[in-house]
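Trainee:
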Amino acid sequence: MKALVQANKHSTVRELAIALKVSVGSVHDYLKSLGFIKKLDVWVPHELKEIHLTNRMSVCDQLIKHEENDLERKTSLKRMIKGDEKWIVYNNVSRKRSWSRRDEAPERQAKAEIHQKKVMLSMWWNCKGPVFYDLLPKNKTINFDVYCEQLQKLNDAIAQKCPELINRKGVIFHHDNARPHTSLVTRQKLLQYGWDVLPHPPYSPDLAPSDFHLFRSLNGKTFASEDLIKQHLDKFLAKKDGKFYERSIMKLPGRGRRSNKIYH
-19 MKALVQANKH STVRELAIAL KVSVGSVHDY LKSLGFIKKL DVWVPHELKE IHLTNRMSVC
41 DQLIKHEEND LERKTSLKRM IKGDEKWIVY NNVSRKRSWS RRDEAPERQA KAEIHQKKVM
101 LSMWWNCKGP VFYDLLPKNK TINFDVYCEQ LQKLNDAIAQ KCPELINRKG VIFHHDNARP
161 HTSLVTRQKL LQYGWDVLPH PPYSPDLAPS DFHLFRSLNG KTFASEDLIK QHLDKFLAKK
221 DGKFYERSIM KLPGRGRRSN KIYH
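Numbering (our numbering), first residue to last: -19 to 244.
1) Roughly how many whole angstroms lie between the Cα atoms of serine 102 and valine 69?
2) Does the distance from the CB of leucine 57 to the CB of isoleucine 229 come in under 9 Å?
3) Look up leucine 116 in the DSSP assignment and say whether it is helix, strand or coil.
4) Taking Cβ to Cβ, would you say valine 177 is nearer than 9 Å to histidine 155?
5) For the segment 25 to 45 against the segment -6 to 10, do three or more pairs of beta-carbon atoms, one drawn from each stretch, fall closer than 8 Å, so that the two count as touching?
6) Okay, do the segment 166 to 176 and the segment 214 to 226 touch, 3+ Cβ pairs below 8 Å being the bar?
7) Just the C-alpha distance for glutamine 132 and proline 160, rounded to the nearest angstrom, thanks.
8) Have a look at Ser13, Cys40, Ile(-2), Val(-7) and flag the residue whose alpha-carbon is nearest the alpha-carbon of aspartate 186.
9) Measure how close the beta-carbons of asparagine -12 and proline 181 come, nearest whole angstrom, since I'm counting them as under 8 Å.
10) Please list, in chain order, all residues of the same chain as methionine -19 whose beta carbon is under 8 Å from its beta carbon, the five residues on each side excluded.
11) Taking the beta strand (DSSP E) that phenylalanine 153 belongs to, which residues open and close that run?
12) Tell me, please, which residues DSSP counts as bridged to lysine 18.
13) For serine 239, which of Ser184, Lys120, Phe16, Thr166 has the nearest alpha-carbon?
14) Taking the straight line between their C-alpha atoms, what separation do you get for glutamine 168 and asparagine 119?
15) Would you mind stating whether tryptophan 79 and valine 151 have Cβ atoms separated by less than 9 Å?
16) Tell me which residues share the same chain as phenylalanine 124 and place their Cβ nearer than 6 Å to its Cβ, disregarding the 5 neighbours each side in the sequence.
17) Which of the three DSSP states, helix, strand or coil, is assigned to glutamate 52?
18) Tell me, to the nearest whole angstrom, how far the beta carbon of leucine 232 is from that of proline 189; I am working on the premise that it is less than 8 Å.
19) Please report the straight-line C-alpha distance between leucine 171 and aspartate 64, rounded to a whole angstrom.
20) On the DSSP bridge assignment, give the partners of valine 99 in chain order.
21) Let me know if leucine 194 comes out buried or exposed under the rule of 16 or more other beta-carbons within 10 Å of its beta-carbon.
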């Protein structure tokens, strides 16, 4: 069994059981005794420098303090609007799980070819569900002009779907540090709206709920046309209940604490 796993770390328990002519339960037990567990392959990451790690710890501290300062009212997480972009390629590549020892890094897997046919999805959502999304024309990307136009549409959608945030409580806004998000024009636009913008550390998809929760469910699909992408997206969003979105946002403070514990 050890030889089979080392030869193909993506083997399933059932495949191993068939190859060795033993029960699935026996495979589970023996893999456990060998110290193997299933880990999801990770995309090849950016290399974090010391300044990035320091920035990450600082931002996590700010996120934790922000949540603790608002703990008495218990409203900070419910006031959050999360936003992010994702390329939806027509022929998507899904990650696989492979066998690794607990102290062994997971397998690496290359992302889909960046120049293939694709459309960009921009989405903003809160603990109740989607607030606004925009599917850009084929191969068109985001710049600060496009992003500011989207923010205006988002502000209109918030006024319609979440009027209590506009009238009384105020929006806590979270997006990553992509260039269109941090440009001077964008920052002035957000200041105009009066939103409380949370910081985000560089190269930290594990602290972006859209990345670690929402967009993961859209991976591994193949589409023949842009219309089919939109149909799939509408169906996907319609079938998710409020708990799906709430779970993700409620995990954010804990992820910040775990991150600080690891890097400290």
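The beta-carbon is built from N, C-alpha and C at its ideal position, and this holds for glycine as well.
Mentor: On the basis of the supplied data:
1) 14 Å
2) One thing to note: leucine 57 has its Cβ within 9 Å of the Cβ of isoleucine 229.
3) coil
4) yes
5) For the pair of segments examined, the segment 25 to 45 was found not to touch the segment -6 to 10: the number of CB pairs separated by less than 8 Å stays below three.
6) no
7) Rounded to the nearest angstrom, the two C-alpha atoms are 14 Å apart.
8) Out of Ser13, Cys40, Ile(-2), Val(-7), Cys40 has the C-alpha closest to the C-alpha of aspartate 186.
9) So it is not a contact: roughly 36 Å between Cβ atoms.
10) Leu(-4), Leu0, Val7, Tyr10, Leu11, Leu14
11) 152 to 154
12) BP columns for lysine 18 point to Trp79.
13) Ser184
14) Cα to Cα, the separation comes out at about 27 Å.
15) no
16) Pro160, Ser163, Val165, Thr166
17) Unreliable positioning characterises glutamate 52 in this predicted model, as indicated by a pLDDT of 48, which lies under 50. The coordinate reading is nonetheless provided below. Looking at glutamate 52 - three-state DSSP - the assignment turns out to be coil, as it is neither helix nor strand.
18) 6 Å
19) 19 Å
20) Ile68
21) buried
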